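Enquirer: Take the sequence shown: its letter number 61 is residue 64 in our numbering, and every next letter is one higher.
First the structure, which I've put down as structure tokens, then a few questions once you've had a look.
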Amino acid sequence: MTNPLVSTNEGSDDSCEISNRFTDSMDLLHDSEALRQRAQEDGYLFFKGLLPRQEILDLRKDFLSVVDRYGWRKPGQDALGGEMDLDLLNMVPDEQIRSDIGVSEAAYKDVQKLESFHRFPHHDRLKALYKELFQDEVLVHPRHIARMVTGHRVMVPTPPHQDFPAIQGSTNTWTAWIPLGDCPRSMGGLSVLRSSDRLGYVPITLSKGAGGVAAQTCPWETDWAETDFEAGDVLTFPSLTIHKALRCQHRQFIRLSMDIRYQPKSEPVEIKSLYPHADIEWDDIYSNWVDDDLKYYWEKDSLTLDEWNPNLLQPSRRIC
Ligand SMILES: O=C(O)CCC(=O)C(=O)O
4 MTNPLVSTNE
14 GSDDSCEISN
24 RFTDSMDLLH
34 DSEALRQRAQ
44 EDGYLFFKGL
54 LPRQEILDLR
64 KDFLSVVDRY
74 GWRKPGQDAL
84 GGEMDLDLLN
94 MVPDEQIRSD
104 IGVSEAAYKD
114 VQKLESFHRF
124 PHHDRLKALY
134 KELFQDEVLV
144 HPRHIARMVT
154 GHRVMVPTPP
164 HQDFPAIQGS
174 TNTWTAWIPL
184 GDCPRSMGGL
194 SVLRSSDRLG
204 YVPITLSKGA
214 GGVAAQTCPW
224 ETDWAETDFE
234 AGDVLTFPSL
244 TIHKALRCQH
254 RQFIRLSMDI
264 RYQPKSEPVE
274 IKSLYPHADI
284 EWDDIYSNWV
294 DDDLKYYWEK
304 DSLTLDEWNP
314 NLLQPSRRIC
């Protein structure tokens, strides 16, 4: 295994064959019908190199500069290297680590304050993709999640789950999962249970890992698709598709990624999707921004707000 540093362009060195690799839909980017048909068949869409690699690496650099502020990165690497000082990180008490993120609440808030983190989801290529897919105006949820998955002892991989119980609103809300750097399977990328959106809402059980709940899969539901991600790749799926993180085999390296949500503007949205994903106010997030154009941008739209349904996060038994 070579060093999984993500500042190189070497791609994956994972030797294990992928039996069910994501289908690349780059050739369908401008064909709404074909995109929808593929999404209906597979429950996800994958785009190889949709985003400029350099722009992803610039964002990675911004995230890592926050990590540096806390002294958790091993010295002697370039600005893109993700090797962590695990001994130092493990000195952070368990209760200070956000186990859905991978670092402390304080560091997560610092990332939430990055203008680049909130600007990236509005990338022309992402908005064009969802416009094509929805054939409608696109609402970019302002609530973005930064995953900074580290080898801190409290961290476990994100369990299989649907986003719908946690996001609610329209089931036509799509997650874009974007690795900030190359992310071979051994670094713990995302895996999708093919066509699982067709199952509808799947009952949940309590679980360790991000979100704290897992979708209950039946023994024959094993059609997991995956890939060795490279910087610039985009995986996207609707909120009923079951997905999970693969186990990171290189715990000394940080795995950086973003979850961004998009939906048609005309469909209902649950109000928490319009709040930050941390205990922090928008004004605080905006405090060091240079440009104003993206501040409270969603308030210009007349959105239909949906009621929160607490029952969707109540554990119940699934009969297989
Ligand atoms: O990156 C992860 O580990 C989890 C991501 C996820 O669950 C999501 O994007 O909805």
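For each residue, glycine too, the CB sits at the ideal point set by N, CA and C.
As the structure is a computational prediction, the values presented were derived from the model and not from experiment.
For LEU316, which option in HIS253, GLN219 and GLN99 has the closest C-alpha, if you only look at C-alpha atoms?
Expert: Locating residue 316 in the sequence shown gives position 313, where the first residue counts as 1. Checking every option, the nearest Cα to that of LEU316 belongs to GLN219.
Enquirer: Distance check for THR230 and SER194, CA to CA, integer angstroms please.
Expert: Your numbering for residue 194 matches position 191 in the sequence shown. Your numbering for residue 230 matches position 227 in the sequence shown. Computed Cα separation, rounded: 8 angstroms.
Enquirer: With DSSP run on the structure shown, which of helix, strand or coil describes PRO55?
Expert: Within the sequence shown, residue 55 is the residue found at index 52, counting from 1. In the structure shown, PRO55 sits in coil (DSSP, three-state: anything other than H, G, I, E or B).
Enquirer: Tell me whether ALA248, by its Cβ, gets closer than 7 angstroms to a heavy atom of ligand 2.
Expert: The model depicted lacks ligand 2 and carries ligand 1 instead.
Enquirer: Taking Cβ positions, are ARG197 and GLY46 nearer each other than 8 angstroms?
Expert: Translated into positions along the sequence shown, residue 197 becomes position 194. Translated into positions along the sequence shown, residue 46 becomes position 43. Yes. Within cutoff.
Enquirer: Straight-line CA distance for SER210 to GLN165?
Expert: Residue mapping note: residue 210 aligns to position 207 of the sequence shown, counting from 1. Residue mapping note: residue 165 aligns to position 162 of the sequence shown, counting from 1. Straight-line Cα distance between these residues: approximately 13 angstroms.
Enquirer: May I have the straight-line CA-CA distance separating ALA37 from LEU31, to the nearest angstrom?
Expert: Here residue 37 refers to the residue found at position 34 when the sequence shown is read from its first residue. Here residue 31 refers to the residue found at position 28 when the sequence shown is read from its first residue. So the alpha carbons of these two residues sit roughly 6 angstroms apart.
Enquirer: Would you kindly work out how many angstroms separate the C-alpha atoms of GLY184 and ILE59, rounded to a whole number?
Expert: Translated into the one-based positions of the sequence shown, residue 184 becomes position 181. Translated into the one-based positions of the sequence shown, residue 59 becomes position 56. Spanning the two alpha carbons is a distance of roughly 7 angstroms.
Enquirer: What I want to know is whether the C-beta of LEU132 ends up closer than 7 angstroms to one or more non-hydrogen atoms of ligand 1.
Expert: Within the sequence shown, residue 132 is the residue found at index 129, counting from 1. Every heavy atom of ligand 1 is 7 angstroms or more from the Cβ of LEU132, so no.
Enquirer: Any idea what DSSP makes of PHE25, helix, strand or coil?
Expert: In the sequence shown, the residue the question calls residue 25 occupies position 22. Correct three-state label for PHE25: coil.
Enquirer: Can you tell me whether SER305 is buried or exposed? The criterion is at least 16 other CB atoms within 10 Å of its CB, across all chains shown.
Expert: As a first step, residue 305 is located in the sequence shown; it is residue number 302 there, counting from the start. Exposed.
Enquirer: So does LEU193 have its beta carbon nearer than 7 angstroms to some heavy atom of ligand 1?
Expert: Along the sequence shown, one-based indexing puts residue 193 at 190. Yes, Cβ of LEU193 sits closer than 7 angstroms to a heavy atom of ligand 1.
Enquirer: Does the Cβ of ARG150 lie closer than 7 angstroms to at least one heavy atom of ligand 1?
Expert: As a working note, residue 150 is residue 147 in the sequence shown. Yes - ligand 1 has a heavy atom lying nearer than 7 angstroms to the Cβ of ARG150.
Enquirer: Looking at the secondary structure, which residues open and close the alpha helix (DSSP H) in which ILE288 lies?
Expert: Working through the sequence shown from its first residue, we reach residue 288 at position 285. Unbroken alpha helix (DSSP H) run through ILE288: 285-288.
Enquirer: Looking at ligand 1, does it come within less than 7 angstroms of ALA37, judged from the CB to the closest heavy atom?
Expert: Along the sequence shown, one-based indexing puts residue 37 at 34. Checking every heavy atom of ligand 1 against the Cβ of ALA37, none is found closer than 7 angstroms.
Enquirer: For a test of your reading of the model: does the CB of ALA281 fall under 7 angstroms from any non-hydrogen atom of ligand 1? Yes or no.
Expert: The residue labelled residue 281 in the question sits at position 278 within the sequence shown. Not under cutoff, so the answer is no.
Enquirer: Please tell me whether VAL70 and ALA110 are closer than 8 angstroms, where the distance is taken between their beta carbons.
Expert: Indexing the sequence shown from 1 puts residue 70 at position 67. Indexing the sequence shown from 1 puts residue 110 at position 107. Their beta carbons are under 8 angstroms apart, which means VAL70 touches ALA110 by this criterion.
Enquirer: Exposed or buried, which one is ILE100 when buried takes at least 16 other CB atoms within 10 Å?
Expert: Walking along the sequence shown from the start, residue 100 turns up at place 97. The residue in question, ILE100, is buried, as its Cβ has 16 or more Cβ neighbours within 10 Å.
Enquirer: Leaving out the 5 sequence neighbours to the left and right, which residues in its chain are closer than 6 angstroms to VAL141 when beta-carbon positions are compared?
Expert: Within the sequence shown, numbered from 1, the residue matching residue 141 stands at position 138. Same-chain partners within the cutoff: LYS130, TYR133, LYS134 and TYR265.
Enquirer: Under 8 angstroms: do the region 111-124 and the region 231-251 share three or more Cβ pairs, one atom per stretch?
Expert: Because the criterion of three Cβ pairs below 8 angstroms is not met, the region 111-124 and the region 231-251 do not touch.
Enquirer: Would the C-beta of THR153 count as close to ligand 1, meaning under 7 angstroms from any of its heavy atoms?
Expert: Here residue 153 refers to the residue found at position 150 when the sequence shown is read from its first residue. The answer is no for THR153.
Enquirer: May I have the straight-line CA-CA distance separating PHE49 from CYS251, to the nearest angstrom?
Expert: Numbered from 1 along the sequence shown, position 46 holds the residue referred to as residue 49. Numbered from 1 along the sequence shown, position 248 holds the residue referred to as residue 251. Cα-Cα distance, rounded: 21 angstroms.
Enquirer: Cutting at 8 angstroms between CB atoms, please list the residues of its own chain near ASP27, excluding the five before and the five after it.
Expert: In the sequence shown, counting from the first residue as 1, residue 27 sits at position 24. Around ASP27: PHE49, PHE50 and LYS51.
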